[in-house]
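Start counting the sequence shown at 52; every next residue gets the next number (the working numbering).
Where is the CB? At the ideal position from N, CA and C, for every residue including glycine.
Because the structure is a prediction, the values reported are computed rather than measured.
The structure under discussion appears below in the form of structure tokens.
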Amino acid sequence: MLIDALNQGLEKENISLDEFRELIIRLLNYGVLCRDESQTEQQLYDRYLRIAGLVQDYLHIMDISLFHDQRFDYLRLYPPGSETPGMEQTGTPAFSGSLRNKLSQSEVAMVLVLRLQYDKALREGQVDDKGYVTESIEALGIAMKNIMARSLPEKLTERKQLFIHLRRLRLIEFRSEEDLVSGEAWLKIHPMIVNFVNDDAVQALTPVAAPADENTETLES
């Protein structure tokens, strides 16, 4: 039986069935696991490395794909039929969404801006040794208005919810939720944004983004 084969595989790595369940439930609930996020996720990520084949086989039964970025130490799940980095797919959705991603229009716009700003920083060599890009919320708001013709939510509660949701998806990091109400606050864009947003979506926005960059440079000078 499947459970017997699973138990045998877990026993070889001295991992209990409960520990396996904990890892699977975390992946299914969050859709993403990032080693640098917390001590808990570090332990779960390291556990995955020991039983990667068993986890992938288990998820394969449900037709769920798992993407593992070994450079930046994170895992992301993709539901059946979605686009998975490094795998050929039918159709080209703009986002490589995980299991529970339901983005509002403001979130979609901000995710696209995050990808464009990350690419811009990458070209300019402004990426730290862990692959993160630091941007101010003010700069993101300006880019969002120039590129997407949208403004950040005016209500502070909605603005906080926007960034909190994107942090939950591990696309950004910031120190304090209270800082989000200030345009002077800074956040970090996670390198997984590159695999979250389809290249086709980026290319479609490139003609719009280029003039926006020129306008920003003119204002700064």
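Query	Result
Under 8 Å between C-beta atoms of A160 and M199	yes
Alpha-carbon spacing of D114 relative to Q107, whole angstroms	10 Å
Extent of the continuous beta strand (DSSP E) run through D120	116 to 120
Own chain partners of R219 with C-beta closer than 8 Å, once the 5 adjacent residues on each side are dropped	Y81
Nonlocal neighbours in the same chain, by C-beta distance under 8 Å from E158, ignoring five residues either side	L213, H216, L217
C-alpha gap between N58 and F71, whole angstroms	10 Å
Limits of the unbroken beta strand (DSSP E) element including T125	Per the sequence shown, the amino acid found at residue 125 is Tyr instead of Thr. Taken as a continuous stretch (DSSP letters only), the beta strand (DSSP E) holding Y125 covers 125 to 129.
Outcome for A56 when other beta-carbon atoms lying within 10 angstroms are tallied against a minimum of 16	exposed
N-terminal and C-terminal residue of the alpha helix (DSSP H) that L238 is part of	That residue, L238, is in no alpha helix (DSSP H); its beta strand (DSSP E) goes 237 to 240.
Buried or exposed (CB count within 10 angstroms, at least 16 for buried), I193	buried
Neighbour-count burial assignment, Q168, 16 or more Cβ in a 10 Å radius	buried
Inter-residue Cα distance where the pair is E92 and S227	20 Å
Inter-residue spacing [alpha-carbon to alpha-carbon] between G142 and S116	For G142, the pLDDT reaches just 43, beneath the cut-off of 50, and the residue's location in the model is therefore unreliable, although a value from the coordinates is still provided. Distance between the alpha carbons of G142 and S116: 16 Å.
Nearest residue (CA-CA) to I66, options I102, E88, R166, R77	I102
R210 and L231 closer than 8 Å at C-beta	yes
Per-residue DSSP class, three states only, for L78	helix
N-terminal and C-terminal residue of the beta strand (DSSP E) that I84 is part of	Before going on, a small fix: residue 84 reads as Leu here, not Ile. Looking at the DSSP string, the run of the beta strand (DSSP E) that includes L84 is 83 to 85.
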